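J.:
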Amino acid sequence: MIPWRVRQRLVAATLGTVVGLFLLYQWLPLLIMAVLSFTGPEGGTTFPMRGVSLHWYGELFRVQMIDDFKPPMARSVALALACSITTATLSVAAAQAMRARFRGSGVYFYLILLGVMAPGLLVGFGVALLARMFGLGLAWYSSTFAVHIVWTLPFGFLTMLAVFNRFDRRLEEAALTLRATRWTTFWRITFPLVLPGVIGAGLFGFTLSYDEFARSLFATGPEQTLPLVIYAQFDRQLQPTLYAIGTMTTIVSLGAVTVFALLFRLVKRRNRI
Amino acid sequence: MSPLRERAAVSYVLAAPGGLWMLVALVAPTLFIAWVSFWASRTFALSNALTLANYVKFFTRPAYVRVLGDTVEQAIVMMLITGVIGYSIAYFLVVHVRRPAFQLALFLLLVVPFWTSALIRTIAWIPFLGVNGVINQALLLLGIVDRPVEAFLFTRTGITLAQTSFYTLLATGPVVYTLRNIPRSLPEAAQCLHATPLRVFWRIVFPLTLPGVVIGQILVFLNVMADFATAQAIGGHKLAFLGNLVILLYESGQLTFAAVVGVLLMIAMLLGVAVLLKVVDIRRLGAP
């Protein structure tokens, strides 16, 4: 029989290999895309590269008739910011409401969670059908915004529920016993303590909306968001421009995560003191 | 009434905006799809007569039924793959990585690609899978094959390869969470009673992580069932799942029939989730 220590090492080595291979599997496509985005003007979409250049990045900033990526990018960022703020606000309100276990809170919980379960494509499809029925136009700032919140709110809501589940109620009770109003108690005691969670909810709102494609597909009017334009271009022809825009949006996403992570740390540190 | 008890009236006011949003932008559109799916006429009018003929049409066409079968099959395959890999990653992260710095580094390395756009990640797979792609070039270089393999791009294998990279972490996250919550004393107690390590795992550790496993499986199931972009991008327009069928029908103006496919997709998803939810109550997650 193999000794216990050796066996544990073997298990660790095997699982470690799985993790290592999986990491490679996750990162290689992205890295290769980034490398290929620097191919020369004559370069194609696979190896071998033909020279090294910034040609395809320059192409992105040249104004063209069909595939100008700048307006859609601005729309996507604006939409993501709006979703971030809305998600944070609505999920704090909804999770705070859930703490009282009001009548119908069980149904309410599933109503919000439905947003994650419902297939995005169909939510957009349904909104498009409804808009058509009522003769309403579709636009990124109205119908797309509405379906994006359906997707982002449950994530913020679950985040806030988890935060409130671990929340020490005695702190609020102490404030109330000292005759603070509910309003003051919430803003002076509760909110600062759950702020890291609120930032998390906002992060979900931003990144999920910024990358959303399935929900936007049917629900967006003629003024399209970035993922839709990328997809349309991809469907027509795969060009290194797409690798360039892919690399750039990846950096934007990572930048957003970093900003939120820094905010998160800042708040955590302040709360400790 | 005690001033410390939460007031129900306030709760309703706080709950209303989110709830109304969901009703207007999610429930109403979904119900409308269901209604449209029964319309007897192709013209877009609320006064349409209702019929079951659209559903009969779906189930009498083998090509459509095959798409339904393919979609469910793909979801099950993906649940198996991501379940095994996802659990392995979670177990390694929680049990075998002791140093917090290493744990954080691994966590970030795993999560960062997960946070990037799914669409971009799909596109990033193309130079990998093609006939001139990285996999083929590597295989040729290593002398494993003497001709490029065409089996990656435009095939189910290619879709599965890409989806594995997209969805595995969905199965990892909840397991990490439940594994962390297991007190070390439990497996140690079992070991003291001379249980073999394998027995400790199957009798103690695995049952305690089961809620996490199930939630991960629900997430993977829902995502794969609803995924059409991977199939469209990597399958070329040759392969279709239910989502692709909805787009195809929508673009050709067959709205009622697109609605039928949509309803069937939702029913399949609801059934799957109902079965998986029998095992755990997700509302208990996060409670101390």
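Sequences listed follow chains A and B, in order.
The C-terminal residue of the first sequence carries number 275 in my numbering, and the numbering is unbroken.
The C-terminal residue of the second sequence carries number 393 in my numbering, and the numbering is unbroken.
Here a beta-carbon is modelled for each residue, glycine too, at the ideal position from N, C-alpha and C.
All values reported here derive from a predicted model rather than from experimental measurement.
(1) What are the residues of the stretch 211–222 of chain A that lie near chain B, defined by any Cβ-Cβ distance shorter than 8 Å?
(2) Considering only residues of the stretch 132–174 of chain A, which uninterrupted alpha helix (DSSP H) runs meet the minimum length of 4 residues and lie entirely inside it, listed in chain order?
(3) Near A/L210, which residues of its chain fall below 7 Å by C-beta distance, leaving aside the five closest residues on each side in sequence?
(4) Within this structure, are the beta carbons of B/V172 and B/A345 separated by less than 7 Å?
(5) Just tell me which of A/V149, A/L173, A/P198 and A/P121 has its CA closest to the CA of B/L375.
(6) Listed in chain order, which residues of the stretch 247–258 of chain A have Cβ atoms closer than 7 Å to some Cβ of chain B?
(7) Among A/M135, A/G257, A/F220 and A/P198, which one has its Cα closest to the Cα of A/T161?
(8) Does any residue of chain B have a CB that is nearer than 7 Å to the CB of A/Q241?
(9) Can you give me the C-alpha to C-alpha distance between A/P194 and A/V200, rounded to a whole angstrom?
(10) I'd like to know if B/S193 contacts chain A, where contact means its C-beta is closer than 7 Å to some C-beta of that chain.
(11) Leaving out five residues on either side along the sequence, give the residues of the same chain with a beta carbon under 7 Å from the beta carbon of B/T176.
(12) Can you pull the chain A residues whose beta carbon is under 7 Å from the beta carbon of B/Y117, in chain order?
(13) At the 7 Å Cβ level, is A/I232 part of the contact set with chain B, yes or no?
(14) For B/V325 versus B/M184, is the C-beta distance shorter than 7 Å?
(15) Out of A/R272, A/V21 and A/Q28, state which residue places its alpha-carbon closest to the alpha-carbon of B/A229.
(16) If you count every other CB in all the chains shown that lies within 10 Å of the CB of A/H150, and 16 or more means buried, which is it?
(17) Give me the Cα-Cα distance between A/V254 and B/A158, rounded to the nearest whole angstrom.
(18) What residue range is occupied by the uninterrupted alpha helix (DSSP H) comprising B/V161?
(19) For a test of the three-state rule: what should DSSP assign to B/T301, helix, strand or coil?
(20) Quick one: what's got a C-beta closer than 6 Å to B/A276's C-beta in the same chain, skipping five residues either side?
(21) Could you have a look at B/L155 and say whether DSSP puts it in helix, strand or coil?
(22) Let me know the secondary structure DSSP gives A/T41 once reduced to three states.
(23) On the premise that A/F166 lies in contact with A/A97, defined as a C-beta separation below 8 Å, what is that separation, rounded to the nearest angstrom?
(24) In three-state DSSP terms, what is B/V280?
(25) Round the Cβ separation of B/P134 and A/L92 to the nearest angstrom and send it over; I've been treating them as touching at under 8 Å.
(26) Output, in chain order, the set of chain A residues within a Cβ distance shorter than 7 Å of B/G186.
(27) Can you confirm whether A/V8, when its beta carbon is compared against all beta carbons of chain B, has any partner nearer than 7 Å?
(28) Comparing the C-beta of B/A276 with each C-beta of chain A, is any distance below 7 Å?
(29) What's the C-alpha gap between B/L125 and B/V115?
(30) Which class does B/L382 belong to by DSSP, given the choice of helix, strand or coil?
(31) Going by alpha carbons, who is nearest to A/F127 out of B/Y196, B/I352 and B/L298?
(32) Tell me which residues of the stretch 298–323 of chain B have at least one Cβ-Cβ distance to chain A shorter than 8 Å, keeping chain order.
(33) Counting C-beta neighbours from all protein chains within 10 Å, is the total for A/E214 16 or more, i.e. buried, or is it exposed?
(34) Counting only Cβ pairs nearer than 8 Å, list the residues of chain B close to A/W29.
(35) Here's the rule: buried if 16 or more other CB atoms are within 10 angstroms of the residue's CB, otherwise exposed. What is B/R308?
T.: Taking the geometry as given:
(1) Those residues of the stretch 211–222 of chain A that come within reach of chain B (Cβ to Cβ, closer than 8 Å) are Y212, D213, F215, A216, L219 and F220.
(2) Within the stretch 132–174 of chain A, the complete alpha helix (DSSP H) runs of at least 4 residues are 147–167.
(3) Here residue 210 of chain A refers to the residue found at position 208 of the first sequence. Cβ neighbours of A/L210 beyond the five flanking positions: W153, T154 and F157.
(4) In the second sequence, residue 172 of chain B corresponds to position 67, counting from 1. In the second sequence, residue 345 of chain B corresponds to position 240, counting from 1. Yes.
(5) As a position in the second sequence, residue 375 of chain B is number 270, starting the count at 1. Out of A/V149, A/L173, A/P198 and A/P121, the CA that lies nearest to the CA of B/L375 is found in A/P121.
(6) Of all residues in the stretch 247–258 of chain A, only G248, T251, T252, S255 and L256 come within less than 7 Å of chain B when Cβ atoms are compared, listed by chain position.
(7) For this step, residue 161 of chain A is matched to residue 159 along the first sequence. Measuring from the Cα of A/T161, the nearest candidate turns out to be A/P198.
(8) Taking the first residue of the first sequence as position 1, residue 241 of chain A is located at position 239. By this cut-off, A/Q241 is not an interface position.
(9) Along the first sequence, read from residue 1 onward, the residue named residue 194 of chain A stands at position 192. Along the first sequence, read from residue 1 onward, the residue named residue 200 of chain A stands at position 198. If I take the Cα positions, the gap works out to 10 Å.
(10) Locating residue 193 of chain B in the second sequence gives position 88, counting from the first residue. Cβ-Cβ to chain A under 7 Å: yes for B/S193.
(11) Along the second sequence, read from residue 1 onward, the residue named residue 176 of chain B stands at position 71. Answer for B/T176: M330, F346 and L347, listed in chain order.
(12) Indexing the second sequence from 1 puts residue 117 of chain B at position 12. By Cβ distance, chain A contributes F104.
(13) On the first sequence, position 230 is the one that residue 232 of chain A refers to. For A/I232, the answer is yes, since a Cβ of chain B falls inside 7 Å of its Cβ.
(14) Stepping through the second sequence from its first residue, residue 325 of chain B is reached at position 220. Stepping through the second sequence from its first residue, residue 184 of chain B is reached at position 79. Taking 7 Å as the Cβ cut-off, B/V325 and B/M184 qualify as a contacting pair.
(15) Translated into positions along the second sequence, residue 229 of chain B becomes position 124. Comparing Cα-Cα distances from B/A229 to each of A/R272, A/V21 and A/Q28, the minimum goes to A/Q28.
(16) For this step, residue 150 of chain A is matched to residue 148 along the first sequence. Classification for A/H150: buried.
(17) Residue 254 of chain A sits at position 252 when you count from the first residue of the first sequence. Residue 158 of chain B sits at position 53 when you count from the first residue of the second sequence. Between A/V254 and B/A158, the C-alpha separation is close to 49 Å.
(18) For this step, residue 161 of chain B is matched to residue 56 along the second sequence. Judged by DSSP secondary structure, B/V161 falls within the alpha helix (DSSP H) whose first and last residues are A158 to F164.
(19) Here residue 301 of chain B corresponds to residue number 196 of the second sequence, with the count starting at 1. Coil.
(20) For this step, residue 276 of chain B is matched to residue 171 along the second sequence. Cβ-Cβ distances below 6 Å link B/A276 to T187, G188, G191, G321 and V325 in the same chain, with the five nearest sequence neighbours on each side left out; the list follows chain order.
(21) Counting from one through the second sequence, the residue named residue 155 of chain B turns up at place 50. In the three-state scheme derived from DSSP, where H, G and I count as helix and E and B as strand, B/L155 is classed as strand.
(22) In the first sequence, the residue the question calls residue 41 of chain A occupies position 39. It is a strand residue.
(23) Residue 97 of chain A sits at position 95 when you count from the first residue of the first sequence. Residue 166 of chain A sits at position 164 when you count from the first residue of the first sequence. With a Cβ gap of about 5 Å, A/A97 and A/F166 count as contacting.
(24) Within the second sequence, the letter at position 175 stands for residue 280 of chain B. The DSSP-derived three-state label of B/V280 is helix.
(25) The count along the second sequence starts at 1 and reaches residue 134 of chain B at position 29. The count along the first sequence starts at 1 and reaches residue 92 of chain A at position 90. The Cβ separation is near 18 Å, so there is no contact.
(26) Taking the second sequence and counting its residues from 1, one reaches residue 186 of chain B at position 81. The residue you asked about is not Gly; residue 186 of chain B is Ile in the sequence shown. Here the premise fails: no neighbours, minimum Cβ distance about 11 Å.
(27) Within the first sequence, residue 8 of chain A is the residue found at index 6, counting from 1. Chain B contact via Cβ: absent.
(28) Looking up residue 276 of chain B in the second sequence gives position 171. The C-beta of B/A276 comes no closer than 7 Å to any C-beta of chain A.
(29) Mapped onto the second sequence, residue 125 of chain B falls at position 20. Mapped onto the second sequence, residue 115 of chain B falls at position 10. If you take the alpha carbons of B/L125 and B/V115, they lie about 16 Å apart.
(30) Mapped onto the second sequence, residue 382 of chain B falls at position 277. Three-state result, B/L382: helix.
(31) As a first step, residue 127 of chain A is located in the first sequence; it is residue number 125 there, counting from the start. That would be B/I352, whose Cα lies nearest to the Cα of A/F127.
(32) With the criterion set as a beta carbon lying under 8 Å from some beta carbon of chain A, the members of the stretch 298–323 of chain B are P302, in sequence order.
(33) Here residue 214 of chain A is taken as the residue at index 212 of the first sequence, counted from 1. Buried, by the Cβ-count rule.
(34) Indexing the first sequence from 1 puts residue 29 of chain A at position 27. Here the neighbours are L214 and P218.
(35) Indexing the second sequence from 1 puts residue 308 of chain B at position 203. That one is exposed.
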